[in-house]
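Taking it in order: structure first as C-alpha cells, then the write-up.
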Amino acid sequence: MVGKTRRSLQELSDEVATNPNSTAFVELAAAYRERGDTERALRLCLRGLQRHPTHVEAHFELGCIYEARGERELALDEWGIVRQLAPDHLPSRLALVRLYLDEQRYADAEAELSTARELAPADKAVAEFWRVLQAARRDSAESPDEGAPPEGAFDALEQEHPGTLGIMLVGGDGQVLEGRMTRRGVESDRMLGVTLNGAKLEAARVASYLELGGLQGMVIESAVARLTMSPVDDGIVVVATRAEVPAGQAARVVQRAREIAGAHLSNRKR
C-alpha cells in the first residue's frame, strides 16, 4: 500500500508478545504464511480469533492459510464467514471466485462475481475473473461429452440453485446412495452419511419419547450454511445451502431433492 511501510517480522512479534489484545497478529500470521510457515501462521490466527472472533481480516487471512495448506473446504468456510460479517469485502469474494473457477463450479463463481461487479464495477481483477469465467463456460460447452462421467441425480438441481452447497441421499444403513456433500472425497461423505443417519435415529427416538409424532425433518444452521435432513423411505436426503439463501427457496430445493430421491429409491427396488 502506498505510504505504508510494512513492519518487520520482529516488530510484529514484539507487539503481539507485549500486547495480547493487539490485532497485529493478522499481519504477523500473513508474514509467516508468505514465508511458508503455515503451522505457526495457523496457530497465531486461531489464537487471535479467540480474542477477536468477528475480526474480518483475521477470518480472511485464516482462509488464505487454509488454502496454502491445501484445506480448501476450510478456506471456503472462512471466506464465507467474512462475507457474512462484511458483505462488501471484495478480496474474500474474489478468493471464493478463484476456488470456484478452479473446481469448475461456474454457477457459484458467477453468483459471487455478480455481487463483486456491483461492489467494484471498475476493478480490473473483477473484470479479468469475469473474462476467465466466460471463456471457461465456452470451453465447457464446446468440449465433447464422450468419456464424461455420468450426471448425478442431483446435479441439475444444484446447477439450478447456485446457493446449494451439496445434496446427498443416505440409505438406512448410513451408506451414501447418491450425490456428494463435503467435496473431500468418497470416504468423507461416507463418514458424514453414517453420522447423519445416527442423528436421524436419535432424533426420531426423542420425537417418539416426547410424543411429537413422526420425524418430518431436521435443520442445522450455522453462520455460513443451513443443513436440512429429511426422511425418504428408510433413508434421508441431506441438503446444504448457503445461509443467505431465503428459507422458502431452500425449502423448495429440499422438496425437489426429496422427489428425486424418492424416484431413485423406487428404481433401486425394481
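This note's numbering applies: residue 870 is where the sequence shown begins, and numbers increase by one.
Think of the CB as a built atom: it goes at the ideal place given N, C-alpha and C, for glycine as much as any other residue.
Quick check for students: name the residue ranges of the alpha helix (DSSP H) that lie wholly in the stretch 946 to 1016, counting only runs of 4 or more. 959 to 971, 975 to 988, 993 to 1011
Taking the CB atoms as reference points, tell me whether A1109 and A1130 lie closer together than 9 Å. The sequence position of residue 1109 within the sequence shown is 240, counting from 1. The sequence position of residue 1130 within the sequence shown is 261, counting from 1. No.
From R1007, G1086, E1090, A1116, residue whose alpha carbon lies closest to that of G1104: As a position in the sequence shown, residue 1104 is number 235, starting the count at 1. Nearest C-alpha to G1104: G1086.
Burial state of T887, where buried means 16 or more other Cβ atoms lie within 10 Å: Sequence index remark: in the sequence shown, residue 887 carries index 18 (1-based). Exposed is the call here.
Is the stretch 917 to 927 touching the stretch 948 to 968, taking contact as three or more C-beta pairs under 8 Å? yes
Nearest residue (CA-CA) to H1133, options L943, L1038, R912: Taking the sequence shown and counting its residues from 1, the one referred to as residue 1133 is at position 264. Measuring from the Cα of H1133, the nearest candidate turns out to be L1038.
For G1086, the three-state DSSP class (helix, strand or coil): Counted from its first residue, the sequence shown places residue 1086 at position 217. Of the three classes helix, strand and coil, the one that applies to G1086 here is coil, per DSSP.
Less than 9 Å between the C-beta atoms of E1029 and I1036, yes or no? Here the question's residue 1029 lines up with position 160 in the sequence shown. Here the question's residue 1036 lines up with position 167 in the sequence shown. Their beta carbons are not under 9 Å apart, which means E1029 does not touch I1036 by this criterion.
Identity of the residues DSSP links to A1119 by a beta bridge: Numbered from its first residue, the sequence shown carries residue 1119 at position 250. According to DSSP, which records beta bridges pairwise, A1119 is partnered with nothing at all.
Is it buried or exposed, S983, if we count other Cβ atoms within 10 angstroms and call 16 or more buried? The residue given as residue 983 occupies position 114 in the sequence shown. Exposed, because fewer than 16 other Cβ atoms sit within 10 Å of the Cβ of S983.
May I ask you to report which of helix, strand or coil DSSP gives V1106? Along the sequence shown, read from residue 1 onward, the residue named residue 1106 stands at position 237. Residue state, collapsed to three classes: strand.
Identified DSSP bridge partners for A1094: Here residue 1094 refers to the residue found at position 225 of the sequence shown. For A1094, which the question treats as bridged, DSSP gives the partners R1111.
Where do the ends of the alpha helix (DSSP H) carrying R845 lie? This structure cannot settle anything about residue 845, because the visible part of the chain is limited to 870 through 1139.
Suppose you measure from the CA of V966 to the CA of D992; what does that come to, to the nearest Å? Locating residue 966 in the sequence shown gives position 97, counting from the first residue. Locating residue 992 in the sequence shown gives position 123, counting from the first residue. Their backbone Cα atoms lie some 14 Å apart in a straight line.
Can you look up S1099 in the DSSP assignment and give me helix, strand or coil? Numbered from 1 along the sequence shown, position 230 holds the residue referred to as residue 1099. S1099 falls in the strand class under three-state DSSP.
Out of curiosity, what's the CA-to-CA distance linking V995 and S1135? Taking the sequence shown and counting its residues from 1, one reaches residue 995 at position 126. Taking the sequence shown and counting its residues from 1, one reaches residue 1135 at position 266. In a straight line, the C-alpha of V995 is about 46 Å away from that of S1135.
Euclidean distance between Cα positions of V1106 and G1021: Indexing the sequence shown from 1 puts residue 1106 at position 237. Indexing the sequence shown from 1 puts residue 1021 at position 152. Those two C-alpha atoms are separated by around 14 Å.
What are the start and end residues of the beta strand (DSSP E) that includes R1049? For the purposes of this step, residue 1049 is taken as residue 180 along the sequence shown, with counting starting at 1. R1049 -> beta strand (DSSP E) spans 1045 to 1049.
For the alpha helix (DSSP H) that G932 lies in, which residues bound it at each end? In the sequence shown, counting from the first residue as 1, residue 932 sits at position 63. Per DSSP, G932 belongs to the alpha helix (DSSP H) from 925 to 937.
Run through the DSSP bridge pairs and tell me what V1039 is partnered with. Mapped onto the sequence shown, residue 1039 falls at position 170. In DSSP, V1039 forms a bridge with V1045, I1105.
Whole angstroms is fine: what's the gap from R1127's alpha carbon to S1099's? Position 258 of the sequence shown, counted from the start, is the residue given in the question as residue 1127. Position 230 of the sequence shown, counted from the start, is the residue given in the question as residue 1099. Rounded to the nearest angstrom, the two C-alpha atoms are 8 Å apart.
Beta-carbon proximity check, Y975 vs R1006, cutoff 9 Å: Numbered from its first residue, the sequence shown carries residue 975 at position 106. Numbered from its first residue, the sequence shown carries residue 1006 at position 137. Against a cut-off of 9 Å, the Cβ pair of R1006 and Y975 comes out as a contact.
So, helix, strand or coil for T887, using DSSP? Here residue 887 corresponds to residue number 18 of the sequence shown, with the count starting at 1. Of the three classes helix, strand and coil, the one that applies to T887 here is helix, per DSSP.
Beta-carbon within less than 7 Å of A937's beta-carbon, same chain only, minus the 5 sequence neighbours each way: which residues are those? Taking the first residue of the sequence shown as position 1, residue 937 is located at position 68. Once the five neighbours on either side are set aside, the close Cβ partners of A937 are R902, T907.
Taking the alpha-carbon positions, what's the A989 to Y1078 distance? Counting from 1 along the sequence shown, the entry for residue 989 is found at position 120. Counting from 1 along the sequence shown, the entry for residue 1078 is found at position 209. Looking at the two C-alpha atoms, the distance is approximately 54 Å.
Exposed or buried, A1119, counting other C-beta atoms within 10 Å across all chains shown (16 or more means buried)? The count along the sequence shown starts at 1 and reaches residue 1119 at position 250. Under this definition A1119 is a buried residue.
Go ahead and pull the three-state DSSP assignment for L861. Past the boundaries of the shown model lies residue 861; the chain is included only from 870 to 1139, so the question cannot be answered.
Expected contact under 8 Å - CB spacing of C914 and A898 to nearest Å: Numbered from its first residue, the sequence shown carries residue 914 at position 45. Numbered from its first residue, the sequence shown carries residue 898 at position 29. Yes, they are in contact, since the Cβ atoms of C914 and A898 sit about 4 Å apart, within 8 Å.
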